[in-house]
Amino acid sequence: MNDAHSHLIVNHLPVFGFIFSFLLLVGGLIFKNKSIINASLVAFVVVGLLTLPAFFTGEGAEEVLLKIDPEAKSFIHYHEESAEVSLWLSIALGLISLVVLLINRKKDVKILYYLILLFCLAVIVSLVNTNNLGGKIRHTEIRETQNIYELED
């Protein structure tokens with residue numbers, strides 16, 4: 137298994153993990169179950185941490201891909217820029233969830249749960265965009281353009 141393979145294995149975990157965590161929190165709020173709400177907050181923290189291997193395996197994947205397809209550099213660049221934004225958003229969501237989890241022990245902070253849901257939607261959109269840009273590196277059939285030089289204009 138090479139670095140590109142490792143990256144492909146872990147890069148989908150944050151997207152699906154945050155979707156799962158989002159749905160778990162929605163369920164906890166619907167059923168007014170504090171245990172489920174707390175489980176969702178823990179899940180947000182764990183998934184936030186899972187973005188780290190997804191991000192840091194990217195450099196090795198880039199080296200492997202550039203040996204195979206040097207012209208993919210522009211596509212990799214856009215994916216990498218988006219990945220950095222997604223990383224920081226994911227870490228922020230994990231940290232906010234940790235703080236809310238700690239505050240939640242003493243009092244119910246319902247408004248913060250809804251803010252986490254909204255922020256999570258933004259994180260999911262960012263991660264989906266990042267994954268889409270990553271897919272365009274090797275899946276030429278989903279590119280809007282086949283000419284990488286059009287991207288640089």
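Residues 137 to 289, numbered by my numbering, are exactly what the sequence shown covers, in order.
Yeah, the Cβ is synthetic: ideal placement off N, Cα and C, and Gly gets one too.
Beta-carbon proximity check, residue i vs residue j, cutoff 8 Å
i	j	result
Ala190	Leu149	yes
Gly194	His141	no
Ser233	Val181	yes
Phe151	Asn267	Contrary to the premise, residue 151 reads as Val rather than Phe in this sequence. Yes, they are a contact pair.
Leu253	Leu161	yes
Residue i, buried or exposed, once every other Cβ within 10 Å from all chains shown has been counted against 16
i	result
Phe167	exposed
Val261	exposed
Ile145	exposed
Lys272	buried
Glu231	Correcting the residue type first, residue 231 is Leu in the shown sequence and not Glu. That one is exposed.
Leu159	exposed
Contacts around residue i, its chain only, beta-carbon distance under 7 Å, and the 5 residues preceding and following it disregarded
i	result
Phe156	Ala179
Distance between residue j and residue i (C-alpha atoms, nearest Å)
i	j	result
Leu263	Glu216	12 Å
Ala228	Ala258	12 Å
Ser218	Ser171	34 Å
Leu186	Gly153	9 Å
Gly163	Gly184	20 Å
Met137	Asn147	15 Å
Ile173	Asp244	11 Å
Leu188	Val221	12 Å
Ala175	Glu280	40 Å
Leu223	Phe192	10 Å
Asn169	Cys256	20 Å
Cβ-based neighbour list, residue i, same chain, cut-off 6 Å, excluding 5 preceding and 5 following
i	result
Gly270	His215
Arg274	none
Residues near residue i by beta carbon distance below 8 Å, same chain, minus five either side
i	result
Leu177	Leu161, Ser233, Leu234, Val236, Leu237, Asn240, Ile252
Ile212	Glu198, Leu201, Leu202, Ile273
Residue i beta carbon near the ligand MN (any heavy atom closer than 7 Å)
i	result
Ile212	Among the ligands in the structure shown, none appear at all, so the ligand MN cannot be discussed.
Worksheet item: Can you find at least 3 beta carbon pairs, one from the region 238 to 251 and one from the region 199 to 210, that sit closer than 8 Å?
Response: no
Discussion item. Tell me whether the region 207 to 216 and the region 236 to 246 touch, counting them as touching only if at least three CB pairs, one residue from each stretch, are closer than 8 Å.
Written reply: no
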